[in-house]
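A short worksheet on the structure shown next.
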Amino acid sequence: MAHQFFFNPFILDNLPAPATGFDVVQDLSEPRLRMYVTSRGVKTFFVRKRVHGRDRRIIIGNYPEMDIETARGAVPELLVRAMQKPRVRRKKITMRKFLDSYMANRVRRSSYSRDKLERAIQRHLSELLDMNLSDITKKDVETVIAAIGGRAIAARMQEFVQSVFKYAIEMGYVEKNPVIDLPKIEQSRRVRPLNKSGFQRLIRAIKREPSPILRAAFLMLVYGFAPKSQVFSMQWRDLDFNHYTWGARPLSDAAVVLLQDLPQDGRWVFPGRGRGHLTDPRVAWRRVVAAAGIPNLTMDDVYKFLMRQVVWASDREEFRENMNALLTDVMS
1 MAHQFFFNPF ILDNLPAPAT GFDVVQDLSE PRLRMYVTSR GVKTFFVRKR VHGRDRRIII
61 GNYPEMDIET ARGAVPELLV RAMQKPRVRR KKITMRKFLD SYMANRVRRS SYSRDKLERA
121 IQRHLSELLD MNLSDITKKD VETVIAAIGG RAIAARMQEF VQSVFKYAIE MGYVEKNPVI
181 DLPKIEQSRR VRPLNKSGFQ RLIRAIKREP SPILRAAFLM LVYGFAPKSQ VFSMQWRDLD
241 FNHYTWGARP LSDAAVVLLQ DLPQDGRWVF PGRGRGHLTD PRVAWRRVVA AAGIPNLTMD
301 DVYKFLMRQV VWASDREEFR ENMNALLTDV MS
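Right under this line is the structure:
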């Protein structure tokens, strides 16, 4: 049974990822709304519906690209649409033209993520784009997928094409999904290389970083319990040292001490070049992790390691105490 609670940004932002597979949580405000939480930290809204004797899981969108209220509002319409029989369309349509409809109605992504997907389509699926959707065969798709370099990218594009044809069946353009019988591309999952000993070596290596801004930013990856994108874009206006909070989330004691020692002379806590904030200091990070003896460690590996270890609590102060206890444990 799915774990049930009222969906709100603070809880969803801090949901721990499972060690393997995925977890399912359910919204009490709209009980038909559920969410997958994968071991990679991806959070996806969905609804379940039994349609014509089959259990269907209808994906709504990823969080936080889609906010909670939008997901709740989408549930009734999706369930009504799921029960409707697809109209049979006699006119043919090209893959390129159909993708315009698919992207508009089924893809819920940020503008950056959408642009990235569109570039991938143009690069890897160009041979299919001018073909009529109903004429595309299993062999056509298999040939295109086999030509893609990299198993991870090939697997994602195969899943994308399968989703496109699934939608095409719902809309009545094709009768059969040519991708459904293709064997799934096996991927060797990356093993996250961080443990308690490595964590301690990482902190020592970060403290030897010569740049004070990068040193503080990397330490905040440890003390902040947040992904790198959120840490690097921190703004002073969101911090409340009287209540030990960063927006709606609590701050650990180590984070408070670190941040209070930084100069508060601009908009961004960690300024980058020009007027923006720090974005992706990958060269400096590679130098730090090499010194720590963990060359394959990514910045978000630190966040995922901590969120798997910390004891979750809905009460903000209790969660802050758990954050402090975990940092004391892993750093000692």
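Going by UniProt numbering, the residue at position 263 of the sequence shown is 263; the numbering climbs one at a time, nothing skipped.
Backbone N, C-alpha and C fix where the C-beta goes; we use that ideal spot for every residue, glycine too.
These numbers come from a predicted model, not from an experiment.
Original post:
Which residue comes first and which comes last in the beta strand (DSSP E) that contains residue 4?
Top reply: 3-5
Original post:
Mind checking whether residue 45 and residue 21 have CB atoms under 8 Å apart?
Top reply: no
Subject >> Local conformation of residue 173 per DSSP, three classes >> reply: coil
**OP:** Check whether the Cβ atoms of residue 75 and residue 30 lie closer than 8 Å to each other.
**Re:** Contact: yes.
Original post:
Is the Cβ-Cβ distance between residue 214 and residue 281 less than 8 Å?
Top reply: yes
**OP:** Just tell me which of 147, 18, 167, 185 has its CA closest to the CA of residue 102.
**Re:** 167
Original post:
Count the other CB atoms within 10 Å of the CB of residue 237; is the residue buried (16 or more) or exposed (fewer)?
Top reply: exposed
Subject >> Proximal residues to residue 316 (C-beta, below 6 Å), its chain only, five neighbours per side dropped >> reply: 250
**OP:** Starting from residue 246, follow its DSSP beta bridges and name the residues at the other end.
**Re:** 239, 249
**OP:** Report all residues from its chain with a CB closer than 7 Å to the CB of residue 248; omit the five preceding and five following residues, and keep chain order.
**Re:** So the list reads 9, 10, once near-sequence residues are dropped.
Original post:
Considering only residues of the UniProt domain "Core-binding (CB)" (93-169), which uninterrupted alpha helix (DSSP H) runs meet the minimum length of 4 residues and lie entirely inside it, listed in chain order?
Top reply: 95-106, 111-124, 126-129, 138-146
Subject >> Where the alpha helix (DSSP H) through residue 38 begins and ends >> reply: From DSSP, residue 38 is part of no alpha helix (DSSP H) but of the beta strand (DSSP E) over 34-38.
**OP:** Sort 219, 5, 40 by Cα distance to residue 34 and report the nearest one.
**Re:** Comparing Cα positions, the closest option is 5.
Original post:
Who are the Cβ neighbours of residue 154 in its own chain at under 7 Å, not counting the five residues just before and after it?
Top reply: The beta carbon of residue 154 lies closer than 7 Å to those of 145, 148, 185 in the same chain, with the five residues before and after it left out.
Original post:
Is it right to say residue 180 is buried, meaning 16 or more other beta carbons lie within 10 angstroms of its own, or is it exposed?
Top reply: Exposed.
Original post:
How long is the line joining the alpha carbons of residue 78 and residue 67, rounded to whole angstroms?
Top reply: 16 Å
Original post:
Going by Cα to Cα distance, which pick from 38, 32, 13 is closest to residue 23?
Top reply: 38
**OP:** Check the DSSP bridge columns for residue 27 and list the partner residues they point to.
**Re:** 5
Subject >> Proximal residues to residue 41 (C-beta, below 7 Å), its chain only, five neighbours per side dropped >> reply: 17, 304
Subject >> Anticipated Cβ contact below 8 Å, residue 226 with residue 291, distance rounded >> reply: The pair is not a contact, with the Cβ atoms about 24 Å apart (cut-off 8 Å).
**OP:** Using a threshold of 8 Å, state whether the C-beta atoms of residue 19 and residue 287 are closer than that.
**Re:** no
Original post:
What residue does the alpha helix (DSSP H) around residue 301 start on, and which one ends it?
Top reply: 299-309
**OP:** Would you mind giving the Cβ-Cβ distance between residue 299 and residue 258, rounded to the nearest angstrom? I have them listed as a contact below 8 Å.
**Re:** Actually they do not touch by this definition, with Cβ atoms about 16 Å apart.
**OP:** Report the rounded CA-to-CA distance for residue 231 versus residue 283, giving the unit in angstroms.
**Re:** 18 Å
Subject >> CA-to-CA distance, residue 201 to residue 72, given in whole angstroms >> reply: 44 Å
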